[in-house]
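K.L.:
According to the numbering used here, the sequence shown holds residues -19 to 272 in order. Virtual Cβ for every residue (Gly too), placed ideally from N, Cα, C.
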Amino acid sequence: MENLKLCEIITSGDYGSMTDLTDNQRKFVTLHTEICRKGAYVVSGMVEFAEKLKEMRDGKSYVEAGFGSFGEYCEKAVGIKTSMAYRYVKVYEDLPKDFLYSNTKLGITKLSLLARLDKEEREELTGTVDVENISVEELRKAIEERDAKISQLELTVSETESENAKKIKKSEDDAARTKKSLEKALKERDEYSREIEKLKSLPKEVERITDPETVAKLEAAEKALSEKDEEIARLNGRIKIASDTVLTKFGVKFGDLQVLLKDIQSLINGMDEETAKKCKSAVKSVMGVYAV
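#1: At the level of alpha carbons, what is the spacing between Thr(-1) and Thr10?
#2: Going by C-alpha distance, which of Asp209, Ser173, Arg214 and Ala213 is nearest Lys197?
#3: What did DSSP end up calling Val27 once you bin it into helix, strand or coil?
#4: I need the straight-line Cα distance from Gly235 to Ala256, nearest angstrom please.
#5: Determine, using beta carbons only, whether Lys32 and Ile15 come nearer to each other than 8 angstroms.
#6: Could you check if Glu53 is buried or exposed, using at least 16 other CB atoms within 10 Å of its CB as the buried criterion?
#7: On a Cα-Cα basis, can you pick out the residue from Lys164, Asp38, Val69 and Ala57 that is closest to Cys(-13)?
#8: Note down the Cα distance separating Ile(-11) from Gln5, rounded to an integer number of angstroms.
#9: What would DSSP say about Thr(-9), mapped onto helix, strand or coil?
#10: Could you tell me whether the Cβ atoms of Val69 and Arg102 are closer together than 8 angstroms?
#11: Could you work out which residue in Val239, Glu193, His12 and Leu241 is closest to Glu55 when comparing CA atoms only?
#12: Taking only three categories from DSSP, how would you classify Met39?
#13: Helix, strand or coil, according to DSSP, for Met267 in the structure here?
#14: Cutting at 8 angstroms between CB atoms, please list the residues of its own chain near Lys61, excluding the five before and the five after it.
#15: Can you list, in chain order, the residues of its chain whose CB lies under 6 angstroms from that of Glu124, leaving out five sequence neighbours each side?
#16: Look up Leu1 in the DSSP assignment and say whether it is helix, strand or coil.
#17: For the candidate residues Glu44, Ser92 and Tyr81, whose alpha-carbon lies nearest to that of Ala65?
#18: Hey, quick one: how far does the alpha helix (DSSP H) through Glu73 stretch, first residue to last?
#19: For Tyr276, count the other beta carbons within 10 Å of its own beta carbon; 16 or more makes it buried, fewer makes it exposed. Which is it?
#20: For Ser151 and Leu215, which I take to be in contact (beta-carbon distance under 8 angstroms), what is that distance rounded to the nearest angstrom?
#21: Pull up the CB-CB distance for Leu105 and Leu97, whole angstroms please, since I reckon it's below 8 angstroms.
#22: Based on Cα-Cα distance, which residue from Thr158, Lys129 and Phe47 lies nearest to Ile212?
#23: With 16 as the cutoff for other CB atoms within 10 Å, does Leu94 come out buried or exposed?
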């Protein structure tokens, strides 16, 4: 039978006039019949209905009946819009089969919304929202609000990472500036040392320094030398801290941890006594693992 002729028969529903079918056409008719039968019981047989639609789309058996595309076949032969057919297929591809079988009563629209989420996200949502008893719009709104919160969280994390990178960069720049200050201080220290040696260098016949002006200069130089030694010690300490990248990162992360713990405490304060007690115990348990 010609493909276009078979297409007309399938569309009209006059199956009795189908004769002289090729093997591939018979395969199409069998698959098409199964799809229609499953579609009639879409609530209870939705998974199988979606499975057969996927099989028809992937195998392109509709070509054997003269349909130019999967969408044309769905609209003319099955009686559903192309977008709806693809929705069934996507739900079948993206959701676990056990989840589908136990949630067919939700309907294809709700299931297609849930198919956008991964397993953990879906479990979190279904654990906090009564998916079965809310409307499609309410479910869509709940998912949109969740997505908005995630986007905001990702933005916050990105900003935090950017700020942390700036803090580490600032620490590195401080170390570089401190090293230059140290080099300058060491140079000045050498100059004071030479000045002291010069002041202490007296003619052989003079046993000790008695000139008041010379004594004053010597005392001033020695005091300056002592102060410079203290400055050098401070600079070395600053360099040690600023150059320790691990310590700098620890400081940044510790600051983040303090902010996080404050946020967690705020959440716990809004809980009922029993829930708050469990959450506090969980936090203490985690903190205890990392306590030194």
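P.N.:
So, from the listed chains and residues:
#1: 14 angstroms
#2: Ser173
#3: helix
#4: Near 24 angstroms, if we compare the C-alpha coordinates of Ala256 and Gly235.
#5: yes
#6: According to the sequence displayed, residue 53 carries Tyr and not Glu. Its Cβ being crowded by 16 or more others within 10 Å, Tyr53 is buried.
#7: Ala57
#8: 12 angstroms
#9: helix
#10: no
#11: Ranking Val239, Glu193, His12 and Leu241 by Cα distance to Glu55 puts His12 first.
#12: The question names Met, but residue 39 in the sequence shown is Gly. Gly39: helix per DSSP, three-state reduction.
#13: helix
#14: Cβ neighbours of Lys61 beyond the five flanking positions: Cys54 and Glu55.
#15: none
#16: coil
#17: Ser92
#18: Thr62 to Asp74
#19: Within the shown structure, residues of the chain are numbered from -19 to 272, placing residue 276 beyond reach of any answer.
#20: In fact, because the Cβ distance is near 15 angstroms, the residues do not count as touching under 8 angstroms.
#21: That belief holds up - the Cβ atoms of Leu105 and Leu97 are roughly 6 angstroms apart, short of 8 angstroms.
#22: Thr158
#23: Buried, because 16 or more other Cβ atoms sit within 10 Å of the Cβ of Leu94.
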